[in-house]
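In the UniProt record's numbering, the protein residues as written are 1 to 187.
Just so it is clear, CB atoms sit at the ideal spot from N, CA and C, and this is done for glycine as well.
Have a look at the structure below before the remarks.
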Ligand code: HEM
């Protein structure tokens, strides 16, 4: 017998992202981690592939194509860009690349990314569980805001210094701006 696929209600925050696509994802990882990291004399942030730093000290990853729905009903919102943090003369090396936000048919939201490369192939991990907090930003480019906590798998990224459920910095997903003509109609 095949399992019946239940119809799912797409969370409201998906509407602008589905209609326009994602402009970018902003995330500060964890402020206390950045403070610790930036105290290390040899620390370096290496940003490439379109990722950049925000004024608030977080990181911004540009949208990569339209959200897609996988066969299991999971929405995937893809982003691009690569961030590598290194310090402690190479002992500390954290990679966060090509992040994705996944929305399950039950409405659970998580943030995953490539965190390693094994024999040239990307190894992905769910880093954070996200909880929708509300919409913000400007009407022309609305953003969905989430609180974030460390996912079970994500514990490995920080070498056991944090535990599953520990609070992380919030995550924002900004939608692409409306085309000018449509934006005028909405004013
Ligand atoms: C040479 C190896 C390392 C040494 C000597 C070291 C040392 C330390 C020390 C002394 C602290 C406490 C800092 C404080 O109290 O403010 C700390 C915190 C921490 N370390 Fe390391 N560490 C090393 C490697 C790593 C690695 C490989 C990671 C992986 C990401 C890491 C991630 C962290 C994190 C996440 C914290 C907690 C920061 C916070 O939120 O306060 N460390 N480390």
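First and last residue of the uninterrupted beta strand (DSSP E) at residue i
i: residue 26; result: 22-27
i: residue 140; result: Per DSSP, residue 140 belongs to no beta strand (DSSP E) and is neither H nor E.
i: residue 87; result: 82-87
i: residue 169; result: 167-175
For residue i, three-class secondary structure by DSSP
i: residue 32; result: helix
i: residue 90; result: helix
i: residue 11; result: coil
i: residue 181; result: Only weak support is given to the placement of residue 181: the predicted model assigns it a pLDDT of 45, under 50, and the value that follows is read from those uncertain coordinates. Helix.
i: residue 55; result: coil
i: residue 100; result: strand
i: residue 153; result: helix
i: residue 117; result: strand
Beta-ladder partner(s) of residue i, from DSSP
i: residue 130; result: 109 and 148
i: residue 69; result: 75
i: residue 44; result: 86
i: residue 63; result: 79
For residue j and residue i, believed in contact at Cβ under 8 Å, the rounded distance
i: residue 20; j: residue 178; result: 6 Å
i: residue 169; j: residue 148; result: 7 Å
i: residue 157; j: residue 118; result: 15 Å between Cβ atoms; not a contact.
i: residue 98; j: residue 80; result: 6 Å
i: residue 151; j: residue 128; result: 6 Å
i: residue 67; j: residue 77; result: 4 Å
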